[in-house]
Each structure stands twice: as C-alpha cells, then as structure tokens.
Amino acid sequence: MPDLLLELRSEEIPARMQRKAAGDLKKLLTDGLVEAGLTYEAAREYWTPRRLALDIRGLTARSKDINEEIKGPSTKAPEQAVQGFLRKAGLASIADAHVHSDPKKGDFYVAHIARPGRPAEQIIAELVPGIIRNFPWPKSMRWGPASAKPGSLRWVRPLQSILCTFGPETEEPVVVDFEIDGIRSGNVTYGHRFHAPGAITVRRFDDYVAKLEAAKVVLDADRRKEIILADARNLAFASGLDLVEDEGLLEEVSGLVEWPVVLMGEFEQDFLTIPAEVIRLTIRANQKCFVTTRQISPLEGEMSPQATEGVASRGSAASPVRDRESRQVVPTPSGLPAISPSRGEISQSPLSNRFILTANIEAKDGGKEIAHGNGKVVRARLSDALYFWKTDQGDLPDLDQLQASAQKFGLDLKKPLDQRMARLDHLNVTFHAKLGTQGERVERIARLAEELAPIVAQSISPLEGEMAGRPEGVASREAPASSVQNRKPHQDVPTPSVAFGDISPSRGEITALARRAAVLAKADLTTEVVGEFPELQGAMGRKYALLQGEHPSVAAAIEEHYKPQGPSDRVPTDPVSVAVALSDKLDTLVGFWAIDEKPTGSKDPYALRRAALGVIRILVENEVRISLLASWHDNWLAIAKHLYGNKIGHEFEALRSTGSFLEPRTLRRTLNEYIATKRSEIADAAPALGESLTNKEDNLLAFFHDRLKVYLRDQGARHDLIDAVLAAGSRPISPLEGEMSAKPTEEGAVPPASHSVAPPSALPGISPSRGEIGLSQNDDLLQIVRRVEALGSFLDTEDGQNLLAGTKRAANIVAAEKKKGTAIATSVEPALFREDAEKTLFAAVNQAERQAGEAIQNEDFSAAMLALSVLREPVDSFFEKVLVNDEDQAVRANRLALLARIRAATDRVADFSKIAG
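Residue numbers for the sequence shown follow our numbering, so the first one is 8 and each next one is one higher.
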C-alpha cells in the first residue's frame with residue numbers, strides 16, 4: 008500500500024515547541040484522512056530545529072464510494088423544513104428527492120446520495136494547506152511582502168519549503184501538488200545549514216532519512232538525545248569526571264541541533280566557591296550546557312580500614328555545619344572529607360570547573376574555538392553570580408530604616424539573612440492584593456508554626472522528658488514508619504531529625520526553632536541570587552542560614568518548607584521543617600479560601616490542590632496528628648482582620664486580652680457576649696462574619712477530604728471505605744446533649760481557656776452539643792487513614808462480612824419503617840423484651856459500644872473493630888428468632904429502637920451503609 012511523506016521546513020523552531028508541534032501535525036493530518044474516508048496502518052512524527060516531518064505507512068490509495076439515504080420531512084411539511092432538508096442533502100430542488108411511504112407516518116422525502124471515492128492525492132492536496140494555515144502554534148509570525156496582506160500565512164518561523172510525496176514501495180512515488188502563499192510542494196529538501204546547504208531530491212521516507220543523514224541531519228530526536236548523552240558521558244569519563252545528567256536540558260539541547268557534536272569547556276577554579284546550585288543553573292539557563300562533578304573515592308567502608316558505612320564523616324560537602332559544643336560554624340572542606348563519604352553523602356559530589364556543551368557543527372579545529380567562546384560567556388555569567396553571592400552575604404545599605412521590622416520579628420540586623428527579612432517586611436512586598444503583605448503572612452506562618460512544632464516533634468521525635476520510661480535527654484530510637492501501607496510497629500529506625508540527633512529537644516526549644524525558621528523562611532526572596540534564579544528560593548535561604556550560624560534544623564526548614572512540590576517529591580521529616588511546611592501550606596489554603604479564590608475545574612492558578620496534597624502527605628507519611636479546625640483558626644481570624652479593616656482588628660485584640668478563646672465556630676457567640684458588655688463598632692458585622700468564616704472553613708475541610716480520597720485511592724484504598732469513615736465522622740456518634748449524663752443545656756458549653764491542637768480521639772468526657780458535634784471527627788486526617796486501614800482489615804474477615812450484612816439489614820428495616828411512619832422508640836426499654844435473643848443483643852450492643860468507645864479513645868482502631876465483631880452472633884440470632892413487626896405497637900417500637908442501636912454502635916467507626924457488599 009502507498010506511503011505518505013510530508014516535511015514542513017522552516018527557520019529554527021523553538022526547542023520547547025517542537026515535540027508538541029510534531030504531535031499536533033500527526034493528529035491533525037491523520038484525523039483529516041480518516042474523516043475523508045482513508046485508512047492507514049501506522050504513522051510516526053519526527054522533528055529537528057528546522058523541520059517537522061510525518062511518515063504515514065499503508066495509506067489507502069482511494070476513499071470508498073459512498074451510497075447513503077438521508078431521510079427528510081413529510082411531503083406535507085412546511086416550505087421552511089423542506090428547504091432545510093435540501094441544504095442538508097445538497098440537492099438543488101425537491102424534484103431531485105424521492106418520496107417514500109410509511110403506513111404510520113405517511114409519505115416523506117428521501118435523498119439518495121452517491122458519492123464516488125476520491126484519490127488520496129486529491130484529499131491530501133486539499134487537507135494539508137488548511138492544516139498549515141490553521142496550525143495551533145502557541146506563537147506565530149508573518150514575514151515577507153505578503154505579511155502586509157490580510158489573511159497572509161502565519162508560521163512559528165518563516166516557512167521555506169514543503170516536501171510531500173505519495174506512492175507504494177514498488178512504484179515511483181508522485182509529488183502531491185499544492186501551493187500555499189507562493190510555496191509549492193515538491194520532492195526537494197535541504198540538509199544541514201552549514202555542512203550541506205544544497206538541495207536534496209528524495210523519493211520516500213527511507214530514502215529521505217538516509218540522504219538527510221548524509222547531509223549531516225539526524226532526523227530522530229530520540230536518537231539525537233542518545234548521541235548527546237552517550238558522547239557527554241564518555242567525554243566526561245575520559246577526563247576523570249562524572250556527567251550531571253539533566254533530562255529537561257537534554258530534551259532542550261536535542262531541539263537546538265541537527266548534527267550534535269559534544270565538546271568540553273572550562274572556567275576558572277575560583278568560581279567553584281559559588282554554591283553548586285548557582286553554578287549549575289547559570290550554565291544551564293544561559294548556555295544550555297551540562298555541568299560535571301569530580302569522581303570521588305570508593306564508598307566509606309570499602310577502601311582500607313576506614314570507619315564503617317553509616318559513621319558520620321568529618322564534614323559535609325554541601326554546607327558548613329554548626330559544632331554542637333562550641334556553637335561555631337565549621338568551614339566545609341573544599342575536597343573530600345577526612346574519611347570516605349557514606350552512601351548517603353555520595354550524591355554531594357563536588358562540581359568540577361569543566362562543562363559539556365553541544366555544538367551543531369563539526370569545526371575544523373575540533374571545536375576548540377567553540378569551547379573557548381562558550382567558556383568566555385560562562386565566565387561572564389559566573390562573575391555575575393559570584394557578585395550576587397558575595398553581595399547577599401554583606402550588609403544592606405538601608406539598615407537604619409529596618410529597625411522597626413527587626414524589632415517586630417526579633418531579628419538580628421548583624422546577620423545578612425535577618426536583614427533581608429527585615430527589608431521584605433519594610434518594603435511591604437505584596438503577597439496578594441486581598442491577603443496583605445509578605446511580612447503579614449510570615450507573622451501568621453510563624454505563629455502557627457510555634458503551635459504545631461511541639462505536636463509534630465512529639466509524633467516524630469518525642470520531646471525531652473515526655474516519653475514514658477525514658478530519662479530526659481535520652482534519645483528515642485523508635486520512630487514511626489513513613490509508609491501507611493507498610494507500617495511495622497516496633498521497628499527500630501534512626502531518628503529522622505537532622506538536627507536533634509540523639510537528644511530530643513524540649514518543648515521550648517522546638518517552639519523557638521520553629522518560629523525562627525518561619526521568620527526566615529521567606530527572607531531569601533529579596534536576595535540577589537534568588538532574584539536572578541527564582542527556582543533557588545529556599546535552597547539559597549538554607550545556605551545563607553548556615554553561613555550565619557543558624558541551627559541546622561532552622562536552615563533545613565527554610566529549604567524544605569516548600570516541599571513536597573508534587574506527588575513524587577519527598578516530604579520533609581525534620582520536626583521543624585514539618586511544622587513550617589504545614590504552616591505555610593495551611594496559611595495559603597486558608598487565605599485563598601477566605602477570599603473565594605478556590606480551584607475551579609482544571610484551573611488552579613495558586614496550586615491549592617498541590618498544597619492540600621502536601622499537607623496530607625506530610626501528616627500521613629510522618630504519622631503526625633493535628634486537628635485542622637483547631638490549628639488554623641488564628642489564620643482565619645488574622646485574614647479576617649485584614650479583610651475587614653483595622654476596627655475589627657482592635658476588637659479582636661481586645662477580646663484576646665480578656666482571655667477569650669476565638670475560632671470561627673465560636674466567633675459569633677463570643678462577639679455577641681463581648682458586645683453585650685461593651686459598645687462595639689462591629690456589633691452588626693459579628694453574626695455575618697462568624698457565619699461566613701464557618702461556612703468557608705467547612706468548605707475547605709471538605710476540599711481536604713476530596714484530596715484525601717484521591718491520595719488514598721492512589722495508595723490502593725477502597726473508595727467506599729473512605730466514604731464510610733468520612734460519613735461516620737461527620738454526624739453524631741453519641742446521644743445528643745441532654746440524652747445521656749447530666750450536661751446542662753446546649754448553650755451551656757464553655758469554651759476552653761486554651762486549646763490543644765491534638766483533637767479528641769473519640770468522645771469527650773461529656774456528650775457534645777448539637778452545634779459542636781458536626782465535624783469533630785473528620786479534621787484529623789491521620790485518624791481517618793487509620794480508620795480506613797482498620798475497617799479494610801476487619802471487612803476482610805468472615806466476622807466483618809457477616810456483621811456488615813446484619814447491620815445493613817437492620818438499617819434497611821429501620822429506614823423502611825420510618826418511611827411508613829411507624830413509631831420508633833426514642834430509647835430501648837429492657838422491660839419490653841420478650842425473647843432471650845433481644846436481651847442478648849441488647850447486652851452485646853451495650854458492651855460493643857463501651858468497648859469500641861474505649862478503644863477509639865485509645866486510638867486502637869483494630870480493637871474497636873474487634874469489639875464490634877461480638878455483635879455478629881447476637882445479630883444473626885435476633886433475625887432468626889425475633890419478629891420485629893410484632894402486633895404490640897410498644898414492642899415493635901422497642902425492637903426498632905434496638906435495631907437502631909446496632910447502627911449507632913457501628914457508626915462509631917464507619918457508616919456501614921456506605922460500604923459495598
């Protein structure tokens with residue numbers, strides 16, 4: 008069968024557009040051919056900087072003849088309907104139509120259409136010009152004298168020639184003839200711009216590829232990538248170096264050359280004092296070159312009698328380290344440390360002063376002049392980078408204007424990074440027009456980080472003196488596993504903190520470290536290096552922090568608080584990093600929810616879905632338990648102060664000074680109580696403000712639940728189990744206030760004097776009020792995950808499956824009777840029991856409720872499931888021996904109430920009605 012070859016040759020196409028453009032060309036042309044009635048066996052696209060090519064194999068030579076009938080309106084239809092039918096069928100008059108009869112519908116018009124097939128060449132000649140004119144380039148241009156005319160051809164760069172041949176392998180292919188804006192198709196192309204600029208006549212694809220190769224053009228982009236990578240590796244290895252591979256750069260460079268020639272350039276050793284990240288980005292961004300590293304010595308423990316693997320090396324190749332005893336900064340050795348590095352340190356190989364570049368020409372001097380020219384440009388760029396690096400470590404010229412900001416954040420203006428944070432606040436750099444400045448945001452993040460840090464540290468590395476059976480200052484060797492799926496209790500793993508080492512910090516120390524890290528987290532935004540390379544934000548902050556002697560955990564948190572930046576990115580594990588990362592992401596989410604800038608459909612300009620997934624991954628993979636509702640309330644109120652002006656801010660501060668507990672859910676009541684005792688300027692705004700914040704808070708929590716569902720489903724969890732756990736947590740799981748024990752009225756709940764971020768794991772000591780119970784279970788994401796795990800394990804057992812069936816049966820009976828209007832008792836009365844099975848089930852329900860509640864309070868969800876499993880046999884026996892719809896109305900209502908208690912017992916863990924099966 009015939010094959011089609013199409014090439015569109017132009018001036019150099021930007022590398023970032025080439026792959027997508029070739030794919031678009033393939034899709035547009037093949038879809039058009041199929042729509043025109045042609046079929047093909049295979050199609051593949053190719054691209055170089057100067058051409059897009061398409062090879063279509065097994066294309067049919069002619070479209071099929073088409074005979075079809077188009078049914079029209081009734082012969083009695085109005086003239087307007089008849090004219091529409093004629094236009095649709097392409098008939099000149101109604102006389103060209105046929106009349107068919109139907110016993111039920113009567114006579115109606117039918118058009119008999121016969122379309123003969125067309126040659127593929129004709130179809131291609133009509134199709135390709137339209138594709139070229141309407142090609143979806145992100146940016147396009149006009150050129151030449153014709154560009155002044157309306158409707159002139161647009162292309163990404165000036166289009167120079169079109170090659171289009173069609174024919175079988177056994178015959179001479181023909182040129183598919185067409186013209187667009189003076190460019191006529193042919194069978195001629197051109198090779199390399201410098202090595203082979205002459206015309207090349209081609210017949211079909213194999214001939215085309217071979218002749219281009221001879222003309223110094225490698226058509227296949229993937230092959231160009233392989234050539235560049237292999238030659239770069241070999242060239243680096245021959246010089247005793249290792250190539251730092253970069254897939255994104257490799258893709259870009261392969262789109263810059265048609266005939267890749269790999270060369271090596273160099274720059275002065277003095278530039279290696281610049282951080283490796285800065286050197287790499289400078290060379291990558293400006294010269295599209297690869298950097299190399301020096302080959303390091305054998306692994307620790309694998310050469311001579313050095314210390315064994317895992318023993319700390321004498322220094323770090325990445326950054327200076329604070330000495331624990333002297334509190335002085337220890338300079339980083341310029342080469343290898345005193346002992347061979349461990350496997351964990353081996354990735355920190357020092358950069359060399361040589362780089363790999365890819366030329367598009369085979370120079371007569373072997374590329375020496377090309378490498379020298381690139382070296383000159385690299386030196387100029389690195390000189391700028393060195394200036395930025397040194398400038399960032401010096402004092403700012405306007406220190407006298409930064410005193411107020413320094414006092415506000417407790418900054419030391421003798422330190423460069425503190426100066427940059429003070430300037431960030433002093434300049435009132437806007438974070439968002441509706442959310443205030445970066446300085447205001449940093450203050451919110453710092454306040455939240457202070458609250459979260461002790462809780463995070465207790466989960467990851469127990470705080471000093473707070474772990475049972477462990478003297479103060481003695482390390483905890485047991486840390487939670489990071490994977491939810493593969494959690495192994497009592498697994499001995501090293502403490503993940505990079506700073507704490509073998510000594511757990513005190514609560515005061517961890518709080519101070521978290522605040523310090525949060526305050527400095529955004530300071531590097533005003534540095535010269537980050538201004539030049541924004542992608543280095545965080546990384547440069549860490550380096551500057553270490554240089555000025557900050558605690559290693561503070562320095563790590565400055566870099567890691569941006570993590571994770573995607574589903575494959577690692578999550579921070581140091582407690583300070585975790586606290587600051589959570590605070591940063593929660594403040595972002597709260598802020599944009601407060602101003603109604605939520606993600607819609609596929610649009611998420613502020614990456615809020617990524618931020619929510621980051622919070623989920625940090626909490627779950629580090630096994631940290633926090634209450635979202637309790638942790639972020641200060642951020643809601645701080646943003647409300649900004650949105651509603653200074654007057655409401657004064658009222659908030661006055662309320663705080665009285666010791667009042669403020670959060671969105673209690674704001675309305677607290678403000679009303681305050682207003683009753685003092686004339687307030689926000690009396691009218693208080694109810695609406697409290698309701699608005701509460702609704703937005705609920706909406707944000709629902710957003711977290713949606714993201715958690717996506718995360719757990721990706722981990723293999725069943726969606727119905729997730730829904731069941733969430734449904735159980737979002738509705739009452741105990742009798743309402745006033746229906747058990749002796750709590751006063753619903754409005755009698757007294758807000759606590761201080762709040763704990765760790766949520767109640769089950770019911771509090773007294774039953775909650777109707778207003779308090781709504782979402783109390785569902786703002787602890789780790790607890791939801793553990794419930795889902797426990798529920799899944801329980802339902803995999805025979806007891807779990809049988810209890811599920813019994814619970815659903817009980818719920819269905821109660822729901823059906825409610826629908827009929829049958830009376831159901833408000834409580835179970837043992838005096839009305841007539842059967843032993845009723846008594847047994849009632850006792851079992853009471854026992855299950857009590858034991859499950861205790862297990863949940865102890866966060867032992869497996870034990871809670873075990874407690875529910877005792878219901879299986881009593882439930883089965885009840886349905887076998889007891890008739891629910893007894894003739895005695897009181898007995899029937901009592902038995903229905905007993906069935907309702909079964910659901911109440913299981914709802915402590917999950918809503919079984921949501922579970923499939």
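Ideal Cβ positions, reconstructed from N, Cα and C, are used throughout, including at glycine.
In the DSSP annotation of this structure, the continuous segment of the alpha helix (DSSP H) that includes Ile130 starts and ends at 127-140. Residue environment: Glu376 is assigned as exposed (fewer than 16 neighbouring CB atoms within 10 Å of its CB, all protein chains considered). Distance from the CA atom of Tyr613 to the CA atom of Lys605, rounded to whole angstroms, is 9 Å. Beta-bridge pairing by DSSP links Lys610 to Thr607. Under the DSSP assignment, Lys78 falls in the beta strand (DSSP E) whose first and last residues are 73-81. Counted as a single uninterrupted DSSP element, the beta strand (DSSP E) harbouring Asn360 occupies residues 358-366. The Cβ atoms of Arg879 and Asp806 sit closer than 8 Å to each other. With fewer than three CB-CB distances shorter than 8 Å, the region 441-448 does not count as touching the region 606-625. For the 8 Å CB-CB criterion, Ala552 and Leu406 do not form a contact. DSSP places Phe840 outside both helix and strand once states are collapsed to three, so it counts as coil. Taking the Cα of Arg451 as reference, the smallest distance to any Cα among Lys421, Lys529, Ala562 is reached at Lys529.
The beta-carbon distance between Trp144 and Val163, rounded to whole angstroms, is 5 Å. This is short enough to meet the 8 Å contact definition.
By DSSP's assignment, Leu13 forms a beta bridge with Leu61, Cys171. Counting along the chain, Arg230 sits inside the alpha helix (DSSP H) bounded by residues 228-245.
Taking all protein chains shown into account, Met872 has 16 or more neighbouring C-beta atoms within 10 Å of its C-beta and is therefore buried. In the DSSP annotation of this structure, the continuous segment of the beta strand (DSSP E) that includes Val195 starts and ends at 195-197. In the DSSP assignment, Val117 forms a beta bridge with Lys78, His105. Judged by DSSP in its simplified three-state form, Arg149 adopts coil rather than helix or strand. Under the Cβ criterion (8 Å, minimum of three pairs), the region 836-845 does not count as touching the region 809-822. Taken atom to atom, the span from the alpha-carbon of Ala392 to that of Leu32 is near 41 Å.
An exposed status is given to Lys610, since fewer than 16 other beta-carbon atoms sit within 10 Å of its beta-carbon. Counting C-beta pairs with one atom in each stretch, the region 387-403 and the region 285-293 have three or more that are closer than 8 Å, which means they touch. Judged by DSSP in its simplified three-state form, His558 adopts coil rather than helix or strand. In the three-state DSSP reduction, Met271 falls in the strand class (E or B).
Shown here, Thr37 sits in a helix according to DSSP, grouped into three states.
It is roughly 37 Å from the alpha-carbon of Val898 to the alpha-carbon of Asn785.
In chain order, Leu257, Ser261 place their CB closer than 6 Å to the CB of Lys232, counting only its own chain and leaving out the 5 sequence neighbours on each side. Look at Ile207 here: in three-state DSSP terms it is strand. Look at Ile452 here: in three-state DSSP terms it is helix. Cβ atoms of Arg64 and Ala49 come within 8 Å of each other, at about 5 Å. In the DSSP assignment, Thr518 falls within the alpha helix (DSSP H) that extends over 514-527.
For Tyr197, the closest alpha carbon among the candidates Gly189, Glu220, Asp184 is that of Glu220.
Contact between Ser466 and Asn629 holds: CB atoms are separated by about 7 Å, below the 8 Å threshold. According to the DSSP secondary-structure assignment, Ser192 is paired through a beta bridge with Ile169. A residue is called buried once 16 or more other Cβ atoms fall within 10 Å of its Cβ, and Gln544 is buried on that count. Around Val449, the same chain offers Phe416, Met428, Leu431, Asp432, Ala525, Val526, Ala528, Lys529 as residues with beta carbons nearer than 8 Å, after the five sequence neighbours per side are excluded.
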